[in-house]
Amino acid sequence: MTTDKRLTEEDVVAELADGMTIGIGGWGSRRKPMSIVRAILRSGLQDLTIVSYGGPDIGMLCATRQARKIVYGFVSLDTIPLEPHFRAARQAGTVEAMELDEGMLQWGLRAAAMRVSFLPCRAGLGSAILEINPTMKTVTSPYGGEELVAMPALPLDVALLHANRADWRGNAQYLGADWYFDDVFAMAATRTFVSCERVVEPGALVEEGPPETVKVGRLWTDGVVEAPLGAHFTHCLPDYPRDEAVQREYAASASDPDAWAAFRARWVDVPEADYRRQAEAALT
Amino acid sequence: MSETTRADACVVACAEAFRGDGEIVASPIGTIPVLGARLAACTFEPDLVYTDGDALTLGAPIPLGDDRAPTVVEGWLPFGHMFDVVWSGRRHVMMGATQIDQFGNQNIACIGPWAHPKAQLLGVRGAPGNTVNDPTSYWVPNHSSRVFVSAVDCVSGVGYDRAAAAGPSASRFHEIRRVVSNLGSFDFETDDHRMRVRTLHPGVTVEMVQEATGFPLVVPEPVATTRAPTAEELALLGDVLDPAGQREREVPG
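Chains Z and S, in that order, are what the protein sequence lines are. Number 226 in the numbering used here belongs to position 226 of the first sequence; there are no gaps in the numbering. Number 221 in the numbering used here belongs to position 221 of the second sequence; there are no gaps in the numbering.
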């Protein structure tokens with residue numbers, strides 16, 4: 001019998017544990033699995049290491065201090081370049097950081113995907129990277145002696161992604177212009193959970209887009225969550241744009257604990273069905 | 001001669017930074033660098049490849065700030081492939097700089113010590129990889145001694161002294177092509193790769209720019225003035241690339 005991988009956000013959170021290393025797909029404030037992130041925010045999970053091309057996923061997990069450590073090349077909300085919750089956590093020293101060049105981050109994930117302990121690269125040489133990551137080393141090529149950075153593998157316990165569509169067997173489809181590094185996150189992870197706008201029957205994804213849009217195949221996925229507007233307030237093109245008004249509300253909530261509590265009450269500590277109604281109303 | 005503004009001079013200086021690049025990806029960040037790269041692509045560097053800021057490459061320039069303008073999509077360059085391009089050396093990025101020093105070390109990561117930042121900024125982003133793999137330029141819309149500093153707080157983009165100290169692998173493809181600011185354009189074409197005045201925008205004196213710079217600039221004799229935009233360039237800027245005049249908002253006056 002074929003495996004039906006459908007889960008809820010709460011089912012996914014039940015598979016997570018304190019201290020895990022969790023990779024989150026998307027990019028900046030683009031196609032982030034926000035409904036699963038919110039479920040993590042509502043859970044008691046702690047001591048997480050979050051690996052991400054960071055946006056509000058990292059910001060929120062810094063705000064709740066559930067992220068003990070963050071691994072990133074940048075953290076940005078795109079239209080609001082500096083992520084205020086991330087900034088606050090870094091400036092207060094409440095989160096440990098591993099800051100990388102953007103290319104090095106995907107390289108570390110690829111090393112993990114290949115089950116090797118590092119991959120060499122030129123990026124990082126000469127910059128502050130080797131100073132702010134004192135355990136990172138260089139390696140000398142056996143072919144001519146070139147010295148390069150040995151980017152350590154970044155193995156993930158779990159990857160969390162948001163796709164446009166998926167089937168219930170776990171094939172995930174990306175209908176926008178860029179799937180970013182979602183496939184690499186999945187390959188670097190022991191287990192991968194994908195939320196999506198709509199779950200379809202196996203074989204029906206090709207009615208939504210050509211086969212090459214199925215960027216993450218079921219080989220790599222362990223659970224599928226149907227989450228309409230699941231990326232809100234980040235964008236999930238072509239399904240919906242970023243909700244700039246809600247993003248501004250989120251950014252402003254970094255100003256003081258009361259503002260964050262108010263944002264949380266409205267946009268985090270609510271049942272998903274209520275959230276969707278609010279998000280739909282906000283988007284229209 | 002027709003009226004040209006400081007912003008026009010900045011656009012021309014940014015365009016000039018891409019001269020000679022041929023068929024590579026131009027990745028300008030900021031209003032005036034975007035206009036500069038597109039102006040170069042419309043005139044003397046017709047083979048430059050440029051994107052919509054996301055994953056699509058464009059076959060014809062689109063006006064800034066007009067979301068309804070028709071877009072001629074030429075091709076596709078998602079982020080995963082962009083890193084392939086960066087690491088292959090087929091890209092020239094013009095980034096911003098919160099701080100830059102006399103050897104071209106650039107900081108966009110944080111102010112204060114990285115371990116305990118006074119102000120956390122973007123993070124190093126792609127600057128470490130860009131600078132050791134491809135020609136890199138910087139754009140500073142507000143030239144001051146807070147930006148042009150004697151030492152940066154966190155080396156995001158690698159300068160000449162650090163590249164040399166890191167060895168041949170770091171220097172092999174390293175080139176800081178140009179720094180363009182609202183006062184002038186600067187290069188590192190000196191014996192020891194210290195920053196040199198290349199051109200000053202009309203109305204700017206050596207004293208003004210040195211006053212606004214936190215380290216001694218190398219000043220050639222005589223100092224060249226940033227060339228004026230041609231009539232064709234002015235028409236392109238006004239009619240096609242920036243009809244709303246967004247460049248004047250980034251550099252007023």
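Ideal placement from N, C-alpha and C gives every residue a C-beta, glycine not left out. Because the structure is a prediction, the values reported are computed rather than measured.
The contact set of Z/Glu147 on chain S, defined by CB atoms closer than 9 Å, consists of Ala166, Gly167, Pro168, Ser169 and Ala170 in chain order. For Z/Pro238, the CB contacts under 7 Å within the same chain, skipping 5 residues up- and downstream, are Leu175 and Gly176 in chain order. Following the DSSP letters along the chain, one finds S/Ala26 inside the beta strand (DSSP E) bounded by residues Val25 to Pro28.
Of all C-beta pairs linking the region 120-132 of chain Z to the region 158-166 of chain S, three or more are shorter than 8 Å, placing the two stretches in contact.
Fully enclosed beta strand (DSSP E) runs of no fewer than 3 residues occupy 56-58 and 73-76 of the region 47-83 of chain S, in order along the chain. Bridge partners of Z/Val199 according to DSSP: Z/Ala166. Listed along the chain, the chain Z residues whose CB falls inside 7 Å of the CB of S/Val158 are Gly126 and Ser127.
In this structure S/Arg177 does not touch S/Ala37 by the C-beta definition: roughly 12 Å separates them, more than the 8 Å allowed. Between the region 71-78 of chain Z and the region 40-47 of chain Z, the count of Cβ pairs shorter than 8 Å is below three; the stretches do not touch. Of the candidates Z/Gln173, Z/Asp11, Z/Asn171 and Z/Val37, Z/Val37 places its Cα closest to the Cα of Z/Trp267.
S/Asn107 carries a strand assignment under DSSP once its states are collapsed to helix, strand and coil. Taking S/Ala15 as the centre and dropping the five residues before and after it, the same chain places the C-beta of Gly36, Leu39 and Ala40 closer than 6 Å to its C-beta, in chain order.
For the region 113-163 of chain S, the full-length beta strand (DSSP E) segments reaching 3 residues or more read 135-140 along the chain.
With the rule of 3 Cβ pairs closer than 8 Å, the region 213-221 of chain S does not count as touching the region 230-242 of chain S. In this chain, the alpha helix (DSSP H) harbouring Z/Ala245 covers Glu244 to Ala252.
Z/Gly103 has a beta carbon lying within less than 7 Å of a beta carbon in chain S. For the options S/Gly245, S/Val240, S/Pro168 and S/Glu248, the alpha carbon positioned closest to that of S/Ile62 is the one of S/Val240. With the rule of 3 Cβ pairs closer than 8 Å, the region 68-79 of chain S does not count as touching the region 123-133 of chain S. Within chain S, the residues whose beta carbon sits less than 8 Å from that of Z/Gln106 are Gly80 and Phe83, listed in sequence order.
The beta carbon of Z/Glu272 sits closer than 7 Å to the beta carbons of Glu9 and Ser35 from its chain, once the five residues preceding and following it are set aside; these are given in chain order. In summary, S/Lys118 is exposed, with fewer than 16 beta-carbon neighbours lying within 10 Å of its beta-carbon over all protein chains present. The contact set of S/Gly126 on chain Z, defined by CB atoms closer than 9 Å, consists of Gly73, Phe74, Asp101, Glu102, Gly103 and Ala123 in chain order.
Residue pairing from DSSP leaves S/Arg172 without any beta-bridge partner. DSSP links Z/Phe118 through a beta bridge to Z/Pro152.
A Cβ of chain Z is located within less than 7 Å of the beta carbon of S/Asp54. Near chain Z, meaning a CB-to-CB distance below 7 Å, the residues of the region 87-108 of chain S are Trp87.
Per DSSP, the continuous beta strand (DSSP E) segment holding S/Met95 begins and ends at Arg91 to Gly96.
For Z/Ile50, the enclosing beta strand (DSSP E) begins and ends at Leu48 to Ser52.
In the three-state scheme derived from DSSP, where H, G and I count as helix and E and B as strand, Z/Met98 is classed as strand. Looking at the DSSP output, S/Gly184 sits in a beta bridge with S/Leu200.
Per DSSP, reduced to three states, the secondary structure at Z/Leu160 is strand.
Excluding the 5 residues flanking it on each side, Z/Met60 has same chain C-beta neighbours closer than 7 Å at Val37, Leu41 and His85, in chain order. Any Cβ of chain Z closer than 7 Å to the Cβ of S/Val49 would place that residue at the interface, and such an atom is absent. Rounded to the nearest whole angstrom, the CA to CA distance from S/Arg6 to Z/Thr79 is 26 Å.
Ranking S/Trp87, S/Ile111, S/Arg91 and S/His92 by CA distance to the CA of S/Thr98 puts S/Ile111 first.
Here the region 165-174 of chain Z lies against the region 208-215 of chain Z, with 3 or more beta-carbon pairs under 8 Å apart.
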